[in-house]
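Novice:
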Amino acid sequence: MDAQIAQLIINGIAVGSIIALAAVGLTLTYGILRLSNFAHGDFLTLGAYITLLLNSFNLNIWLSMVLAALGTVAAMLLSELVLWARMRSIRATSTTLIIISIGLALFLRNGIIFIWGGSNQNYKVPISPALDILGLKIPINQVLVFFLAVIAILALHYLLQNTKIGKAMRAVADDLDLARVSGINVDQVVFWTWIITGIFTSLGGSMYGLITTVRPNMGWFLILPLFASVILGGIGNPYGAIAGAFVIGIIQEVSTQWFGSQYKQGVALFIMILVLLIRPKGLFRGTI
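In terms of our numbering, the sequence shown opens at residue 5 and continues consecutively.
#1: Could you check which residue in 170, 283 and 15 has the C-alpha nearest to that of residue 134?
#2: Helix, strand or coil: which one does DSSP assign to residue 1?
#3: Locate the alpha helix (DSSP H) running through residue 102, then write down its first and last residues.
#4: Let's test the definition: count the other Cβ atoms within 10 Å of the Cβ of residue 242 and tell me whether it reaches 16, buried, or not, exposed.
#5: Only counting the same chain, and skipping five residues up and downstream in sequence, which positions put a Cβ closer than 6 Å to that of residue 141?
#6: Looking only at DSSP bridge pairs, what is residue 137 linked to?
#7: Could you give the distance in angstroms between the alpha-carbon of residue 125 and the alpha-carbon of residue 268?
#8: Would residue 45 and residue 210 qualify as a contact pair, given that the criterion is a beta-carbon distance under 8 Å?
#9: Roughly how many whole angstroms lie between the Cα atoms of residue 222 and residue 212?
#10: How about the segment 62-71 and the segment 228-241: do they share at least three Cβ pairs that are nearer than 8 Å?
#11: Under 8 Å, with one C-beta from each stretch per pair, do the segment 78-92 and the segment 250-265 reach the 3-pair mark?
#12: Should residue 130 go down as buried or exposed, given a rule of 16 or more other Cβ atoms within 10 Å for buried?
#13: I'd like the list of long-range same chain contacts for residue 21, defined as Cβ closer than 6 Å, with 5 residues on each side in sequence excluded.
#14: Rounded to the nearest angstrom, how far is the Cβ of residue 120 from that of residue 37, given a contact under 8 Å?
#15: Is it right to say residue 49 is buried, meaning 16 or more other beta carbons lie within 10 angstroms of its own, or is it exposed?
#16: Leaving out five residues on either side along the sequence, give the residues of the same chain with a beta carbon under 6 Å from the beta carbon of residue 204.
#17: Classify residue 224: buried if its beta carbon has 16 or more other beta carbons within 10 angstroms, exposed otherwise.
#18: Which one of 61, 171, 191 and 165 has the shortest CA to CA distance from residue 85?
#19: To the nearest angstrom, how far is the alpha carbon of residue 207 from that of residue 101?
#20: Would you kindly work out how many angstroms separate the C-alpha atoms of residue 172 and residue 193, rounded to a whole number?
#21: Skipping 5 residues on each side, what residues in its chain have a beta carbon closer than 7 Å to that of residue 54?
#22: From 61, 122, 278 and 199, pick the residue whose C-alpha is nearest to that of residue 33; which is it?
#23: In the DSSP assignment, find the unbroken alpha helix (DSSP H) run with residue 61 in it and report its ends.
Printed below as a string of structure tokens:
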């Protein structure tokens, strides 16, 4: 394999790890809450900026990520309290929900610019050395991002398959009304869905800041790959979203070899369309 292609695949795996974390949250909110949340990318950005804020006070970067996840969860729960619970109670249409989520995205992005400014910023961490493996230069931060993503995904798998709340989330995703009449506390499921979504989304944003710069529009530029991953993997299926994220991440990075970086998202979305022409429901069955 050409060394440059191999290097791009490594980069794609790192980007795919980040997209996977955020895509899990996006597919859970759709599968359980039936919400296509276009503000999801800006919550990712919020997580990165809270990490940046905490890290600027010389707080350890990993502890900053954990606390930023709690802050992002709080912001998501606030949006649930103010917006989404009300919209569900009046049975708002999907179009209304999409428009509101776009408005929330703009509110978050402009709030971030108001507080932190519009310039690119970096965490206060030492410059990451690169590992030399078979002639490939792999930054340690990319390795850390990949392994942290794997740990988070394994934790999600355990939660969904082996805990009471995980099984309740799967039941609600399959059939909300049946789950409700079966005695499942749907409000509790909604609460935990936002918690899990907030943690994964914030971690994705914080890790993205490790391998690139922190900027106000970082989440907005990731929203298309996020939705592409969710659709490609089967809407509502977190495992499918993870697989779709790695496919999208690798394809868009490798494509820069021929088309340049400005077209990489377009190439990834084109591949998604080709796959959906063959498998209209995505690579995997929808729902958890």
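Ideal Cβ placement from N, Cα and C applies to all residues, glycine included. Remember, it's a predicted structure, so these values are computed and weren't measured experimentally.
Specialist: Reading it off the structure:
#1: 15
#2: A question about residue 1 goes unanswered here, because the residues of the chain that appear run from 5 up to 292.
#3: 98-120
#4: buried
#5: 134
#6: 140
#7: 23 Å
#8: no
#9: 9 Å
#10: no
#11: no
#12: exposed
#13: 149, 150 and 153
#14: Not really, about 29 Å apart at Cβ, beyond 8 Å.
#15: buried
#16: 25, 28 and 29
#17: buried
#18: 191
#19: 25 Å
#20: 7 Å
#21: 72, 75 and 76
#22: 199
#23: Taken as a continuous stretch (DSSP letters only), residue 61 belongs to no alpha helix (DSSP H), as it is neither H nor E.
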